[in-house]
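As structure tokens, the structure follows; a few thoughts come after it.
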Amino acid sequence: MGSLFFNKLAAALLAIALVVLGLTTLGDSLFHVEQPEEYGYPVDLAALENTGAAEEEEEGPVDFGLLLASADVSAGERVARRCASCHTFDSGMADGTGPHLYGVLGRAVAAVDGFNYSGAMQEYATTTSDWHYENLYNFLENPRRYIPGTAMSFAGLRDQEDRINLIAYIHEQGSSDMPFPEPLATPAEEADMAEGDMTEAADAEAAPMEGEAAMAEEGAEPAAATDETAPTETQPEEGHGEGEGH
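Residue numbering for the sequence shown follows the working numbering, beginning at 856 and increasing consecutively.
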């Protein structure tokens, strides 16, 4: 191969590059799209970041007493089947990949003899004495978020009804002597409180109107008497000019 071959190859590559560049420039000129000054659907990133915090603030405390009193134990048993590959719930107290859950409510954390708990669970046991309704509820929602480093690979129960029903079922399995918490406020009490507030507001609004009506009825004659007894302008006596005295 002589130098002529390499010159032809270089010329071909250069020609291809020029054609591609020319097509790109031509395409931009034919299909030019201007960037809009304002987007039709602006996205407030700050609002999206604060959505989770705002929802948590609005949720308020969980009324375990009210929710557990109306929980479906049969539905909780069906939810428990998702855990059956690792845990047992019967009185035989056999351990699987996870510790048995018979009587877990009220039981000390990481307290099953012979079970090899993760370091994270053992550390959690140093700050929390036992399993009760609230921490079991939070743990079931997202185990790895609630106790980072736990060996439990279950993703969690995101549905509140599933968690409440499961806890009600667990309560029946060896923890029935642990009473449910007292409801924060029963629906009847909330309705009575709301009705009482409305009644007080109505009474407060009606009081000034009743007072004005009573004053209008009872104070009509005294107002006339006041006009009659009011001192009248006297004419100066003869021989004394206005403003002159003895």
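Cβ coordinates follow ideal geometry from the N, Cα and C atoms, glycine included.
On a predicted model such as this, the values are computed, not experimentally measured, just so you know.
Using a Cβ-Cβ cut-off of 8 Å, state whether residue i counts as contacting chain D.
i: D927; result: Protein chain content of the structure displayed is limited to a single chain, and chain D is not contained in it.
What are the boundary residues of the alpha helix (DSSP H) that includes residue i?
i: I1025; result: Q1015 to E1027
i: I871; result: S858 to L885
i: S940; result: No alpha helix (DSSP H) holds S940; DSSP gives it neither H nor E.
i: L921; result: F919 to A924
i: G974; result: G974 to A980
i: A930; result: V928 to A935
i: P998; result: P998 to Y1001
Going straight from the alpha carbon of residue i to that of residue j, what length do you get?
i: G882; j: S858; result: 36 Å
i: L1039; j: L921; result: 7 Å
i: G974; j: T952; result: 16 Å
i: V967; j: S940; result: 18 Å
i: S884; j: A872; result: 19 Å
i: G947; j: P1034; result: 23 Å
i: K863; j: L869; result: 10 Å
i: A1010; j: R936; result: 15 Å
i: S1031; j: A926; result: 14 Å
i: I1022; j: S929; result: 11 Å
i: G958; j: Y1024; result: 11 Å
i: F861; j: A867; result: 10 Å
i: Q977; j: C938; result: 21 Å
i: G1029; j: E989; result: 18 Å
i: V934; j: D1017; result: 7 Å
i: R1013; j: R999; result: 13 Å
i: L995; j: T880; result: 59 Å
i: D945; j: H987; result: 19 Å
i: L878; j: S1008; result: 55 Å
i: A865; j: V874; result: 14 Å
i: Y979; j: G931; result: 26 Å
Based on the DSSP secondary-structure assignment, which residues constitute the bridge partners of residue i?
i: A963; result: D985
Relative to the C-alpha of residue i, which candidate in the options has its C-alpha closest?
i: T943; options: V934, P954 and S973; result: P954
i: Y972; options: N993, T982, G1004 and N997; result: G1004
i: F919; options: A1010, L1012, I1025 and Y992; result: Y992
i: E1027; options: G961, L878 and D950; result: G961
i: P1106; options: L868, Y979, V874 and P916; result: The displayed coordinates of the chain run from 856 to 1101. Any statement about residue 1106 would go beyond what the structure contains.
i: N997; options: H987, T982, Q1015 and T983; result: Q1015
i: T981; options: I1002, E989 and G969; result: I1002
i: F970; options: L878, R999, R1000 and A1006; result: A1006
Between residue i and residue j, which are expected to be in contact by the criterion C-beta below 8 Å, what is the C-beta distance as a whole number of angstroms?
i: L923; j: I1019; result: 6 Å
i: V964; j: D950; result: At roughly 16 Å, the Cβ-Cβ gap does not stay under 8 Å, so V964 and D950 are not in contact.
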